[in-house]
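Trainee: Take a look at this one; I'll ask things after.
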Amino acid sequence: MIESRSQITVRYAETDMMGIVYHGNYLPWFEVGRTTLLKECGFPYRELESQGYLLPVIELGVKYQRPALYDDTLTIITRLKERPSLRIHLEYEVRRGDELLVTGFTTHVFINKAGEPVRPPATLVARMQELFAP
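Position in the sequence shown (first residue = 1) + 298 = this note's numbering.
Rendered as structure tokens:
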């Protein structure tokens, strides 16, 4: 399993009139976690895209347990529990300190610029084999 942590501070624009984070704003935070995890593994999104790989979301889920509020400092924990194949599945937790606020997941598929499913880059496969080695 690979784990990454990212921190964000809730901006006023991300909240409603009650100071509670709008539910749709968690998805960009998942993206922050996902791109950070890949970058930490040596595969920044920009580099993957320049090599002709795209990773559209094909499935996602979110479970809201407690609200995040304006000016909270949040930690996005992103986990990759299985080596990617044609798909990559990531799980997320959003926490305020030790308090769990939101859990979720996204599943992505590797495609080329023509929109066709492709295998991930050989360098990514090799790196994932290293990271998931017992």
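Using N, Cα and C, we set each Cβ at its ideal position, and we do this for glycine too.
#1: Nearest-angstrom Cα distance between isoleucine 306 and leucine 335?
#2: Taking the alpha-carbon positions, what's the threonine 401 to threonine 371 distance?
#3: From what residue to what residue does the beta strand (DSSP E) around tyrosine 390 run?
#4: Quick one: measure Cβ to Cβ for glutamate 347 and threonine 405, integer angstroms, because I've assumed they're closer than 8 Å.
#5: Looking at arginine 332: is its Cβ nearer than 7 Å to the Cβ of leucine 388?
#6: Let's see if you can read the secondary structure: which residues bound the alpha helix (DSSP H) around valine 423?
#7: Between Pro432, Ala412, Ala431, Gly322, which has its C-alpha nearest glycine 359's C-alpha?
#8: Classify phenylalanine 328 as helix, strand or coil using the three-state DSSP reduction.
#9: Taking the alpha-carbon positions, what's the aspartate 314 to tyrosine 320 distance?
Mentor: Result, derived from the coordinates:
#1: Taking the first residue of the sequence shown as position 1, residue 306 is located at position 8. Taking the first residue of the sequence shown as position 1, residue 335 is located at position 37. Taking the straight line joining both Cα atoms gives about 15 Å.
#2: By one-based count along the sequence shown, residue 401 stands at place 103. By one-based count along the sequence shown, residue 371 stands at place 73. Spanning the two alpha carbons is a distance of roughly 17 Å.
#3: By 1-based counting over the sequence shown, the position of residue 390 is 92. Taken as a continuous stretch (DSSP letters only), the beta strand (DSSP E) holding tyrosine 390 covers 385 to 394.
#4: Residue numbering aside, residue 347 sits at position 49 when the sequence shown is read from its first letter. Residue numbering aside, residue 405 sits at position 107 when the sequence shown is read from its first letter. The Cβ separation is near 19 Å, so there is no contact.
#5: In the sequence shown, the residue the question calls residue 332 occupies position 34. In the sequence shown, the residue the question calls residue 388 occupies position 90. Result yes, Cβ atoms of arginine 332 and leucine 388 sit closer than 7 Å.
#6: Here residue 423 corresponds to residue number 125 of the sequence shown, with the count starting at 1. Note, valine 423: alpha helix (DSSP H), 420 to 429.
#7: Reading the sequence shown from its first residue, position 61 is the one you call residue 359. Of the candidates Pro432, Ala412, Ala431, Gly322, the one whose C-alpha sits nearest the C-alpha of glycine 359 is Gly322.
#8: Looking up residue 328 in the sequence shown gives position 30. Helix, per DSSP.
#9: Taking the first residue of the sequence shown as 1, we reach residue 314 at position 16. Taking the first residue of the sequence shown as 1, we reach residue 320 at position 22. The alpha-carbon atoms of aspartate 314 and tyrosine 320 are separated by roughly 6 Å.
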